[in-house]
Amino acid sequence: MKLSLNLSTRKYKSVLLTRLIIIGALLAIVAPFLLNAGLIVHFKRKVRRFEPEYAAKLNTSRELTMRAKRTEERLKQVDFQTLSDQIELFYQTILLRNLKWMRLLAALEDKMPDRARLVRITPSFSQDMDRSSATIQLEGVSKSFDQIPLLMKNLENSPFFDKVYVVKISKERDSKDYEFSLEMNYYQPME
């Protein structure tokens, strides 16, 4: 049995339109992805071109920010230190005014050996000491070395002085005098 087909009687359907619709739909789906890929490549090239300049500016910005912070911290420290120094100076001035100089000089005069003399008296006050006490540094000259330990012993035996220490004793080659520096605590007599 032989089958014959008559193509002339069969109805012709064009698939071209169907294929074009399918291809168009696929292009509509794929086109945005292709466009995005193209834009991504384009912008990556632009970014690469400006990346060194951006990195340099970012580093400069970070460096300037760090400098500004360090400068601000230094200014705060300087302001704090200046204020602290001014307060300390004010405090020292008040305590110096409260120091009874005539009593201090009288107490020192009673304890000075005959062959020694004072050149400078420097009081200083610390925050932890009360207002009736001070640290005194004495600088003087003595005709003999024996007078310096005698002065220290006299001061230690006084109720107004304690913790007498030698800071320096020296003698110049050409001089007959000994230069000395002593440091001690002084307690002002209460009124």
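The letter at position 13 of the sequence shown is residue 32 when you use our numbering, and the numbering goes up by one with no holes.
For glycine and all other residues, C-beta sits at the position ideal for the given N, C-alpha and C.
Since residue i is in the alpha helix (DSSP H), which residue starts that stretch and which ends it?
i: aspartate 129; result: 120-130
Measure from the alpha carbon of residue i to the alpha carbon of each residue in the options, then state which is nearest.
i: asparagine 176; options: Ser200, Ala126, Arg89; result: Ala126
i: serine 194; options: Ser161, Ala44, Ile42; result: Ser161
i: alanine 135; options: Ser189, Phe180, Gln166; result: Gln166
i: tryptophan 120; options: Tyr205, Leu36, Lys21, Gln105; result: Tyr205
i: valine 183; options: Asp196, Glu191, Met203, Glu198; result: Met203
i: phenylalanine 199; options: Phe52, Ser163, Val49, Leu94; result: Ser163
i: glutamine 207; options: Lys187, Leu174, Ile188, Arg122; result: Arg122
i: lysine 187; options: Phe179, Pro168, Asp181, Ile106; result: Pro168
i: lysine 130; options: Ile59, Leu174, Ser80, Val66; result: Leu174
Pick helix, strand or coil for residue i, following the three-state DSSP scheme.
i: aspartate 104; result: helix
i: phenylalanine 164; result: coil
i: valine 185; result: strand
i: glutamate 198; result: strand
i: phenylalanine 180; result: strand
i: serine 152; result: strand
i: lysine 21; result: coil
i: glutamate 191; result: coil
For the putative contact between residue i and residue j, defined by C-beta atoms under 8 Å, what is the C-beta separation to the nearest angstrom?
i: valine 185; j: leucine 201; result: 6 Å
Which residue marks the beginning of the beta strand (DSSP E) containing residue i, and which one marks its end?
i: serine 143; result: 135-143
Three or more C-beta pairs below 8 Å linking the region 150-159 and the region 128-140: With the cut-off at 8 Å, the region 150-159 and the region 128-140 touch.
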